[in-house]
Every structure is written in structure tokens, then in C-alpha cells.
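**Student:** Pasting in a structure now, in C-alpha cells, and then I'll have a few things to ask.
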Amino acid sequence: MKILVTGGAGFIGSNFVHYLIEHSDHTVTVLDKLTYAGNLASLEGLPDNRFQFVKGDICDAALVDELFARHDAVVHYAAESHNDNSLDDPRPFLDTNIVGTYTLLEAARRHDIRLHHISTDEVYGDLELDDPQRFTETTPYNPSSPYSSTKAGSDLLVRAWVRSFGVKATLSNCSNNYGPYQHVEKFIPRQITNVLLGERPKLYGTGENVRDWIHANDHSSAVLTVLERGRLGETYLIGADGERNNKQVVELILREMGQPADAYDHVNDRPGHDLRYAIDPSKLRDELGWRPAFADFEAGLADTIAWYRANEAWWMPQKSATEARYQAQGQ
-12 MKILVTGGAG FIGSNFVHYL IEHSDHTVTV LDKLTYAGNL ASLEGLPDNR
38 FQFVKGDICD AALVDELFAR HDAVVHYAAE SHNDNSLDDP RPFLDTNIVG
88 TYTLLEAARR HDIRLHHIST DEVYGDLELD DPQRFTETTP YNPSSPYSST
138 KAGSDLLVRA WVRSFGVKAT LSNCSNNYGP YQHVEKFIPR QITNVLLGER
188 PKLYGTGENV RDWIHANDHS SAVLTVLERG RLGETYLIGA DGERNNKQVV
238 ELILREMGQP ADAYDHVNDR PGHDLRYAID PSKLRDELGW RPAFADFEAG
288 LADTIAWYRA NEAWWMPQKS ATEARYQAQG Q
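Take the sequence shown: its position 183, counted from the start at 1, is 170 in the working numbering, and no numbers get skipped.
Below, the structure is given as C-alpha cells:
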């Protein structure tokens, strides 16, 4: 297939592009606006005969229409992300996550093209730390930030366009990703790069907040599985049974990097910080036979640390401005 990937210069989008090139015969076009989170260096080394980059905005209906006309399928990663940024300035999240998704859906409707929409488990809100339940495809939406609420809105648009107009779409909601090419504003790469620079990692509040971690390569393999074999109109939750609280993750990073496990600083907690996310991926595994390669979180974390050690030139240009912004927030 000829696959268009929106947001393919971002973290999980670029990982998906690399995965497609390495594990399939598909050709790939990336459409990316190249905001601060998009990085062309994340797409270096891809073969010219199977890869093309187009700089542009998913809200640009004419450009989107032209690209949809010459592709067989679209995987929609493009989104404004990161909760802290949405609390600081919500408007870009409305533009990209709502209007941008609408623009893609209308193009998919005109061209009768297969669309897969990437979303997050944050649309479901959070769980209590001692709750035995996990999110499923039928969990009611309960978003708590401008980021998660606009992602919830985009999910609902996709479902409405499937039902009202017969758009050939699937959705997936994934737990927290980690791995290569993740911006240093995010939790895991921030701590890794701090240690590499001789700085102490930073832990929000008491560090009890739990996330369900999945390596970006496993997310990519799951998305390709859904794209190729998923039932149209269905939602699939993607997770790798990687629940860890933030304190555990920081201590694992420190031990893996040869530092004392308590060599970190506590900083101000994030406003409205969700307590716990947890994904039940049974539907994806039972219906489509998908399994994660990095079922061992510690092994995936070691792989990620090795990547950041080897790719200082990729992350260093982002680091100073990111830490200055956190310092201004007391974090």
C-alpha cells in the first residue's frame, strides 16, 4: 500500500514510519507541520524510493485532499500533545486535534480511503491506585485536560463519520509510549538525559501516579496489525501490561545508569495530575493475535537508555529550552 502518515516526524509517528519501512513492503509519505515536537532528524536514513516528506498542516483542506487522492490508506498520528502544554495554551489543541481530524475525515469521505486514527488512554480519565479494573473499549470517556478532551472529541468525530457517512476507519487508544525519538519534555527521556548530563532526575509530587508503559515499537506493530486486519468501525486498546508508578520508573532509570536509586529531586506536581492509567488489550490480542515484543519493561527501558546515550546530537538541541520552561513552572 501507499500509506500517508500524519504527524510522522513526531515521536510515535516517526517510530511507526521506521517500523513500516523495516517490517513491510509499503511505501510511506509523511505529512507534518514541524512544530517544536516534529523533527526531521527522526526520519533520517529512510530510503528515497519508499519514503517522501511533505511539510504541511492537516487543517489545510486542499493539501490534504491532494495527498489523499494518491494514497491507499492514512494513519493519523498528528496531534498537539503533552498535558502541561495544553494547560498553558489550549487553543492549538482545538485547532489540530478537532479541526485537523475533521479535515482528514472529510477527505477520507470524499476519496473512500482507509483511515486509522491514533488516540490515547487519557480520554478515559484516571483510575484509583487500588482499583482492580483497567480501561476497555467500552469504558466511558472522562477526560481531565484540554489535551485529553480534544483527543476524546477527535475520537467521537471518527466514530460519527463511520456511522453517518460510512468512512472506512478504525481507532486505537494506547497507553504511555516510551522509546527512541521522544522529545525530552516527556517523563522518561527527561530523566535519562538529566542523568547523562550529570543532573538529578525530577519527580512530580510523591511519584505515586501510575502509567501503563509500552515501547513505541510495540505500539507501531499493533497499529500495523489493526490497519491490515482490524474490523472497520472498531476501537482497539493497545497496551503491554507495563504498569509502573513514576517513582519506580525514576529509580529503574537511575539503577540502569549506575546511579543510586534515590538520586532524584521532588518537584511541584502537575495540576490535575491523573492518578493511574491501565489498559486491557485483550480484544487486540484475542481478535488479531497481536503480542508485544518488549513484554519486559526493564528490557525496553534499557534499550531506550542505550538509544539516548548514542544519540546526543538528536536530543541536545531541545534540552536547554525544555529545562528552562520546567524551571519556570517549579518543576
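For every residue, glycine included, the Cβ atom is placed at its ideal position computed from N, Cα and C. Just so you know, these numbers come straight off a predicted model, no measurement behind them.
Would DSSP call GLN39 helix, strand or coil?
**Tutor:** For the purposes of this step, residue 39 is taken as the residue at position 52 of the sequence shown. The answer is strand: DSSP assigns GLN39 an E or B state.
**Student:** May I ask you to list the residues that DSSP assigns as paired with SER106?
**Tutor:** Position 119 of the sequence shown, counted from the start, is the residue given in the question as residue 106. Its beta-bridge partners are ASN160.
**Student:** Do the CB positions of SER159 and ILE266 come within less than 7 Å of each other?
**Tutor:** The count along the sequence shown starts at 1 and reaches residue 159 at position 172. The count along the sequence shown starts at 1 and reaches residue 266 at position 279. For SER159 and ILE266, no; Cβs fall outside 7 Å.
**Student:** Taking Cβ positions, are LEU7 and VAL15 nearer each other than 7 Å?
**Tutor:** The residue given as residue 7 occupies position 20 in the sequence shown. The residue given as residue 15 occupies position 28 in the sequence shown. Against a cut-off of 7 Å, the Cβ pair of VAL15 and LEU7 comes out as a contact.
**Student:** Return helix, strand or coil for TRP277, following the three-state DSSP convention.
**Tutor:** Taking the sequence shown and counting its residues from 1, the one referred to as residue 277 is at position 290. Note: TRP277 maps to coil in three-state DSSP.
**Student:** Rank ARG257, PRO258, GLU238 and VAL210 by C-alpha distance to the C-alpha of TYR251 and give the top, closest one.
**Tutor:** Counting from 1 along the sequence shown, the entry for residue 251 is found at position 264. Among ARG257, PRO258, GLU238 and VAL210, the Cα nearest to that of TYR251 belongs to GLU238.
**Student:** Can you name the residues that DSSP bridges to THR222?
**Tutor:** Mapped onto the sequence shown, residue 222 falls at position 235. Partner(s): LEU158.
**Student:** With a threshold of 7 Å on Cβ separation, who are the neighbours of GLN120 within its own chain once the five nearest residues in sequence on each side are excluded?
**Tutor:** The sequence position of residue 120 within the sequence shown is 133, counting from 1. So the list reads LEU114, once near-sequence residues are dropped.
**Student:** Which residues share a DSSP beta bridge with THR16?
**Tutor:** For the purposes of this step, residue 16 is taken as residue 29 along the sequence shown, with counting starting at 1. Answer is LEU(-9) and GLN39.
**Student:** Measure the alpha-carbon distance for PHE281 versus SER141 and round it to whole angstroms.
**Tutor:** For the purposes of this step, residue 281 is identified with residue 294 of the sequence shown, where counting begins at 1. For the purposes of this step, residue 141 is identified with residue 154 of the sequence shown, where counting begins at 1. If I take the Cα positions, the gap works out to 29 Å.
**Student:** Between the stretch 213 to 227 and the stretch 169 to 181, do at least 3 Cβ pairs fall closer than 8 Å?
**Tutor:** With a cut-off of 8 Å, the stretch 169 to 181 and the stretch 213 to 227 do not count as touching, because too few Cβ pairs lie within range.
**Student:** Taking C-beta to C-beta, are THR(-7) and CYS46 nearer than 7 Å?
**Tutor:** Counted from its first residue, the sequence shown places residue -7 at position 6. Counted from its first residue, the sequence shown places residue 46 at position 59. Against a cut-off of 7 Å, the Cβ pair of CYS46 and THR(-7) comes out as no contact.
**Student:** Which ranges would you report for the alpha helix (DSSP H) in the stretch 242 to 310 if only whole runs of at least 4 residues count?
**Tutor:** Whole alpha helix (DSSP H) segments, 4+ residues: 269 to 275 and 284 to 297.
**Student:** Hey, which unbroken runs of the beta strand (DSSP E) at 3 residues or more fall wholly within the stretch 170 to 207?
**Tutor:** Fully enclosed beta strand (DSSP E) runs of 3 or longer: 189 to 191 and 197 to 202.
**Student:** For the beta strand (DSSP E) that HIS58 lies in, which residues bound it at each end?
**Tutor:** As a working mapping, residue 58 is identified with position 71 in the sequence shown. HIS58 -> no beta strand (DSSP E), and no H or E assigned at all.
**Student:** Thinking just about the alpha-carbon of each residue, which of LEU50, LEU81, VAL171 and ALA308 is nearest to the one in LEU183?
**Tutor:** As a working mapping, residue 183 is identified with position 196 in the sequence shown. Measuring from the Cα of LEU183, the nearest candidate turns out to be VAL171.
**Student:** Measure the alpha-carbon distance for LYS189 versus GLY153 and round it to whole angstroms.
**Tutor:** Here the question's residue 189 lines up with position 202 in the sequence shown. Here the question's residue 153 lines up with position 166 in the sequence shown. When rounded, the distance between both Cα atoms is 47 Å.
**Student:** On the CB-based measure, 16 or more other CB atoms within 10 Å of its CB, does ASP291 come out buried or exposed?
**Tutor:** Here the question's residue 291 lines up with position 304 in the sequence shown. Note that residue 291 corresponds to Thr in the displayed sequence, not to Asp. Label assigned to THR291: buried.
**Student:** Whose CA, out of MET303, VAL213, GLN235 and TYR295, lies closest to the CA of ARG272?
**Tutor:** As a first step, residue 272 must be located in the sequence shown, where it is residue number 285. ARG272 has its Cα closest to that of VAL213, out of MET303, VAL213, GLN235 and TYR295.
**Student:** Using the beta-carbon count (16 or more within 10 Å), is VAL110 buried or exposed?
**Tutor:** Here residue 110 refers to the residue found at position 123 of the sequence shown. Buried.
**Student:** If you check the beta carbons only, do HIS98 and THR157 fall under 7 Å apart?
**Tutor:** Residue mapping note: residue 98 aligns to position 111 of the sequence shown, counting from 1. Residue mapping note: residue 157 aligns to position 170 of the sequence shown, counting from 1. No; because the gap between Cβ atoms is not below 7 Å, this pair is not in contact.
**Student:** Are the CB atoms of HIS5 and ILE(-10) nearer to each other than 7 Å?
**Tutor:** As a first step, residue 5 must be located in the sequence shown, where it is residue number 18. As a first step, residue -10 must be located in the sequence shown, where it is residue number 3. No, they are not a contact pair.
**Student:** Could you tell me the distance, in whole angstroms, from the CA atom of GLY317 to the CA atom of LEU33?
**Tutor:** For the purposes of this step, residue 317 is taken as residue 330 along the sequence shown, with counting starting at 1. For the purposes of this step, residue 33 is taken as residue 46 along the sequence shown, with counting starting at 1. Cα to Cα, GLY317 sits roughly 40 Å from LEU33.
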